[in-house]
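A.B. asks: Attaching a single structure in structure tokens format; questions to follow.
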Amino acid sequence: MRRAWRNSSHWRHRLGWTTAPRAEVSLTKSSTRTPEEFQRFLSWLDEGVDSGGERYVEMRRRLVSYFGRKLCLLPDELADETLIRVARKLEEQGSITDSPPARYCYIVARFVFLEYLRGADQRRASLDDRHAATDPVVQSAASEETDRASDEALLDGLDQCLQQLDEYDRALILEYYAGEQAERIERRRTLAARLNLTLNALTIRACRIRDRLEKCLDAPSSGT
Amino acid sequence: MSATHSHGRDDQLLIRYLLGSLSEDETERLDDLSIVDDRFAVDLHAVEHDLVDAYARGALDEDTLRRFELHYLSSPQGRAKVAFARALVRYARSGGPALSLDAGVREPGAARGLLQWSLAAAAMGLIAVAGYLFSENTGLKRQLIDVRAGLEERQQQLEEQLRHEQAATAETTRELDRVRQSIAQLQGATRLVASFVLLPPTRGATELPTLSIPRGPGVFAVTVHLESDDFPAYRVTLTDPATGQVIWRSGILRASGDAGSKALSITLGADLLKPRRYMLEVSGIPARGTAESVGIYPFKVVLL
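Going line by line, the protein sequences match chains L and P.
In terms of our numbering, the first sequence has 63 at position 74, counting the first letter as 1, and numbering is strictly consecutive.
If you want our numbering, it's the 1-based position in the second sequence plus 12.
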């Protein structure tokens, strides 16, 4: 793990760092100053079962979704801020025993969200008398820029990202999301039976593949 | 969207949660579960994907569609998920390459069987190697000691290399911070602070749509849905109805989205507006001839 923390691109990818460079900087600089500290943080999240970093990735995904549902502007940053605070607390205290890791993360996330709301109030108060003029030329350019993403480019990007999956995952994701809404449940049951998986395991697998595709499509190299 | 699942998943409750339709107490309860409860997190994740897919396929009922556009599409994250779902739907409808899972490269049952045979073979191999080593002469042991010494030397070299790379990474991180600070300073004026969806006004509507905008610098995005897409290009004009003054005019815009759900995307400066009523007028620009008005979208602005 120590070596992986320092050097392995595979490990960094599994931690989601390849798609969230901000998280990488924050966690390495502010949250965990050494590989040992980071390892302790991962172990604490794992609760004694080595998940190989999966638990961290999943917790970060849940936190990003939580802040997204709260309509926060930068859910990724707030999720990272939450994990940084938790990791820092763990280092300061040596252990956190009053709540299980996931619940402690949620408690900290709520504080981060409340601070975010208060911060928005303060920004508004300090900017009350500000009324800068806006250049219409800049506005037009911005609207053109917003309009630029075409469906075709997105489709090409998706095609490229699907090609990066292995054949099994590619077939699974296309089959899982195929068909109209009404027929999906039965279709998925059949698929799970064919693959000798429970429906829940199939769902988890499909969601993970879809997340990978969404991240791939967000990446600059996908051409979108 | 399905309502229930065999293990008691309540899709409708999860959809209402995702669309911000639950009470504060219920929302907080599900917020907690979404982080703490593994099963709930999986269900929520799956239902969100299916909800977004249903929107992309035009399969949502009227109420859900309205909530979806008002709430879910108001976040950049939600819009990105919709863009992905639309691409996935189009890919499936365009007849992407047919693949057979049965002939797939990774059948779990088969893989498990193969793994068991591999492990058994490996165990047999280990037993044979152990017996061989046990009976080998001291010369071979010396060779092993030499190999170990070589590996330790290599380990030291790699650790030295890692130390150098760690130092280089630290310097790169500092440089990245400096660059980010510079970019942040440059981008402060164009930071996205909010986003909204304006639907075509309906007869009998009693309430004006309200755009709640944070005061100060930054921009906010507005998605203007069209009743129909009859022109190759459009222009949007923002007017103060009290004075008739044109506040802002867009460049040439093109509608995007699925057939039957076309929209224009514009971005406005947050400092541009004051707390009052405004009117967005959409003009269609034909290939030849003069532009004509295709819709007026009144709204009011509240500054937070």
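Where a beta carbon is used, it is the ideal one built from N, C-alpha and C, also for glycine.
What does Val223/P reach in chain L if we use C-beta pairs closer than 9 angstroms?
C.D. replies: Within the second sequence, the letter at position 211 stands for residue 223/P. For the record, residue 223/P in the displayed sequence is Leu; it is not Val. In chain order: nothing, as chain L lies at least about 14 angstroms away.
A.B. asks: Show which residues of chain P have a CB atom less than 9 angstroms away from the CB atom of Gly37/L.
C.D. replies: Start at 1 with the first residue of the first sequence, and residue 37/L comes out as number 48. The contacting residues do not exist; Gly37/L stays about 15 angstroms from chain P at best.
A.B. asks: When you compare each of Val294/P, Leu85/P, Pro298/P, Arg28/P to Leu250/P by their alpha carbons, which one comes out closest?
C.D. replies: Taking the second sequence and counting its residues from 1, one reaches residue 250/P at position 238. The option with the nearest alpha carbon to Leu250/P is Val294/P.
A.B. asks: For Glu134/L, which residues from the same chain have a beta carbon less than 7 angstroms from its beta carbon, with the 5 sequence-adjacent residues on both sides left out?
C.D. replies: Walking along the first sequence from the start, residue 134/L turns up at place 145. Low confidence applies to Glu134/L: its pLDDT is 49, below 50, so where it sits in the model is not reliable, and the reading given next is rough at best. Same-chain partners within the cutoff: there are none.
A.B. asks: Does the distance from the C-beta atom of Pro287/P to that of Leu315/P stay below 8 angstroms?
C.D. replies: What you label residue 287/P is simply residue 275 of the second sequence in a count that begins at 1. What you label residue 315/P is simply residue 303 of the second sequence in a count that begins at 1. For Pro287/P and Leu315/P, yes; Cβs fall inside 8 angstroms.
A.B. asks: Just to check, is the beta-carbon of Glu104/L closer than 7 angstroms to a non-hydrogen atom of the ligand ZN?
C.D. replies: Ligands are entirely absent from the displayed structure, and the ligand ZN is therefore not among its contents.
A.B. asks: To the nearest angstrom, how far is the alpha carbon of Gln169/P from that of Gly42/L?
C.D. replies: If you number the second sequence from 1, residue 169/P lands on position 157. If you number the first sequence from 1, residue 42/L lands on position 53. Cα to Cα, the separation comes out at about 27 angstroms.
A.B. asks: Quick check on DSSP: helix, strand or coil for His237/P?
C.D. replies: As a position in the second sequence, residue 237/P is number 225, starting the count at 1. Under the three-state reduction of DSSP, His237/P is assigned to strand.
A.B. asks: Just checking my contact of Val236/P with Leu210/P at CB under 8 angstroms: how many whole Å lie between their CB atoms?
C.D. replies: For the purposes of this step, residue 236/P is taken as the residue at position 224 of the second sequence. For the purposes of this step, residue 210/P is taken as the residue at position 198 of the second sequence. Sure, about 5 angstroms apart at Cβ, within 8 angstroms.
A.B. asks: Between Glu183/P and the rest of its own chain, which residues show a CB-CB distance below 8 angstroms, the 5 nearest in sequence each way excluded?
C.D. replies: Locating residue 183/P in the second sequence gives position 171, counting from the first residue. Closer than 8 angstroms at the Cβ level, and outside the excluded window around Glu183/P, lies no residue.
A.B. asks: In the DSSP assignment, find the beta strand (DSSP E) that holds Asp252/P and state where it starts and stops.
C.D. replies: Residue numbering aside, residue 252/P sits at position 240 when the second sequence is read from its first letter. Asp252/P -> beta strand (DSSP E) spans 245 to 252.
A.B. asks: Considering only the alpha carbon of each residue, which of Tyr165/L, Asp69/L, Pro90/L, Ile96/L lies closest to Val101/P?
C.D. replies: The sequence position of residue 101/P within the second sequence is 89, counting from 1. Out of Tyr165/L, Asp69/L, Pro90/L, Ile96/L, Tyr165/L has the C-alpha closest to the C-alpha of Val101/P.
A.B. asks: So which residues of chain L does Tyr103/P contact, with C-beta pairs closer than 9 angstroms?
C.D. replies: In the second sequence, residue 103/P corresponds to position 91, counting from 1. Residues of chain L with a Cβ closer than 9 angstroms to the Cβ of Tyr103/P are, in chain order, Leu144, Leu147, Asp148, Leu151, Leu163.
A.B. asks: Using a Cβ-Cβ cutoff of less than 8 angstroms, which residues in the same chain neighbour Val248/P once the five nearest sequence positions on both sides are dropped?
C.D. replies: On the second sequence, position 236 is the one that residue 248/P refers to. Cβ neighbours of Val248/P beyond the five flanking positions: Val236, Arg261, Ser262, Leu265, Leu276, Ile278, Leu292, Glu293, Val294, Ser295.
A.B. asks: With a cut-off of 8 angstroms on the beta carbons, I'd call Asp252/P and Tyr290/P a contact; round off their distance for me.
C.D. replies: As a position in the second sequence, residue 252/P is number 240, starting the count at 1. As a position in the second sequence, residue 290/P is number 278, starting the count at 1. Right, the Cβ-Cβ distance comes to about 6 angstroms (below 8 angstroms), so this counts as a contact.
A.B. asks: Less than 8 angstroms between the C-beta atoms of Arg178/L and Leu163/L, yes or no?
C.D. replies: For the purposes of this step, residue 178/L is identified with residue 189 of the first sequence, where counting begins at 1. For the purposes of this step, residue 163/L is identified with residue 174 of the first sequence, where counting begins at 1. Cβ atoms of Arg178/L and Leu163/L: not closer than 8 angstroms.
A.B. asks: Excluding the five sequence neighbours on either side, which residues of its own chain have a C-beta within less than 6 angstroms of the C-beta of Leu202/L, listed in chain order?
C.D. replies: Along the first sequence, one-based indexing puts residue 202/L at 213. Closer than 6 angstroms at the Cβ level, and outside the excluded window around Leu202/L, lie Cys150.
A.B. asks: For Cys205/L, would you say it is in contact with chain P, using Cβ-to-Cβ distances shorter than 8 angstroms as the test?
C.D. replies: In the first sequence, counting from the first residue as 1, residue 205/L sits at position 216. No, its Cβ sits nowhere closer than 8 angstroms to a Cβ of chain P.
A.B. asks: For the 8 angstroms Cβ check, are there 3 or more pairs between the segment 81 to 95 of chain P and the segment 48 to 55 of chain P?
C.D. replies: no
A.B. asks: Look at the alpha carbon of Leu79/L and the alpha carbon of Pro24/L, and state the distance between them as a whole number of angstroms.
C.D. replies: Taking the first sequence and counting its residues from 1, one reaches residue 79/L at position 90. Taking the first sequence and counting its residues from 1, one reaches residue 24/L at position 35. A straight-line Cα-Cα distance of about 14 angstroms links Leu79/L and Pro24/L.
A.B. asks: Among the candidates Val48/P, Asp23/P, Ser273/P, whose CA atom is the shortest distance from the CA of Leu77/P?
C.D. replies: Your numbering for residue 77/P matches position 65 in the second sequence. For the set Val48/P, Asp23/P, Ser273/P, the Cα lying nearest the Cα of Leu77/P is the one of Ser273/P.
A.B. asks: May I have the straight-line CA-CA distance separating Arg190/P from Ala179/P, to the nearest angstrom?
C.D. replies: Here residue 190/P refers to the residue found at position 178 when the second sequence is read from its first residue. Here residue 179/P refers to the residue found at position 167 when the second sequence is read from its first residue. If I take the Cα positions, the gap works out to 17 angstroms.
A.B. asks: Measuring CB to CB, does Ile47/P end up less than 8 angstroms from Leu52/L?
C.D. replies: Walking along the second sequence from the start, residue 47/P turns up at place 35. Walking along the first sequence from the start, residue 52/L turns up at place 63. In this structure, Leu52/L lies closer than 8 angstroms to Ile47/P by Cβ.
A.B. asks: Rounded to whole angstroms, what is the Cα-Cα separation between Cys61/L and Gly32/P?
C.D. replies: The sequence position of residue 61/L within the first sequence is 72, counting from 1. The sequence position of residue 32/P within the second sequence is 20, counting from 1. Computed Cα separation, rounded: 14 angstroms.
A.B. asks: In the DSSP output, what is Arg261/P paired with across the bridge?
C.D. replies: Locating residue 261/P in the second sequence gives position 249, counting from the first residue. Paired residues: Thr249/P.
A.B. asks: Could you list which residues in chain P have their beta carbon closer than 8 angstroms to that of Gly57/L, in chain order?
C.D. replies: By 1-based counting over the first sequence, the position of residue 57/L is 68. Those within 8 angstroms of Gly57/L in chain P are Ser87, Gln89, Gly90.
A.B. asks: Can you tell me which of the three DSSP states Tyr105/L falls into?
C.D. replies: The residue labelled residue 105/L in the question sits at position 116 within the first sequence. It is helical.
A.B. asks: Give me the residue from Thr181/P, Thr185/P, Thr214/P, Ser207/P with the minimum Cα distance to Ala282/P.
C.D. replies: Walking along the second sequence from the start, residue 282/P turns up at place 270. Nearest of Thr181/P, Thr185/P, Thr214/P, Ser207/P to Ala282/P, Cα basis: Ser207/P.
A.B. asks: At the level of alpha carbons, what is the spacing between Arg183/L and Tyr55/L?
C.D. replies: For the purposes of this step, residue 183/L is taken as the residue at position 194 of the first sequence. For the purposes of this step, residue 55/L is taken as the residue at position 66 of the first sequence. Looking at the two C-alpha atoms, the distance is approximately 34 angstroms.
A.B. asks: Near Leu180/L, what residues of its chain come up, given a Cβ to Cβ distance below 7 angstroms and the 5 sequence neighbours on each side ignored?
C.D. replies: By 1-based counting over the first sequence, the position of residue 180/L is 191. For Leu180/L, where only same-chain residues beyond five positions count, the Cβ hits under 7 angstroms are Glu164, Tyr165, Leu191.
A.B. asks: So, with DSSP's three-state summary, where would you put Glu169/L?
C.D. replies: For the purposes of this step, residue 169/L is taken as residue 180 along the first sequence, with counting starting at 1. DSSP places Glu169/L in coil when its eight states are reduced to three.
A.B. asks: Who are the neighbours of Val205/P on chain L, taking C-beta pairs under 8 angstroms?
C.D. replies: Within the second sequence, residue 205/P is the residue found at index 193, counting from 1. The contacting residues are Leu62.
A.B. asks: Rounded to whole angstroms, what is the Cα-Cα separation between Gly228/P and Gln82/L?
C.D. replies: As a first step, residue 228/P must be located in the second sequence, where it is residue number 216. As a first step, residue 82/L must be located in the first sequence, where it is residue number 93. Using only the alpha carbons, I get a separation of about 40 angstroms.
A.B. asks: Give me the subset of the segment 293 to 309 of chain P whose CB atoms are less than 7 angstroms from a CB atom of chain L, sorted by chain position.
C.D. replies: none
A.B. asks: So for Gly307/P, helix, strand or coil by DSSP?
C.D. replies: As a position in the second sequence, residue 307/P is number 295, starting the count at 1. Gly307/P falls in the strand class under three-state DSSP.
A.B. asks: If I follow the unbroken beta strand (DSSP E) through Glu74/P, where does it start and stop?
C.D. replies: Working through the second sequence from its first residue, we reach residue 74/P at position 62. First-last for Glu74/P: 74 to 82, but that is the alpha helix (DSSP H), not the beta strand (DSSP E).
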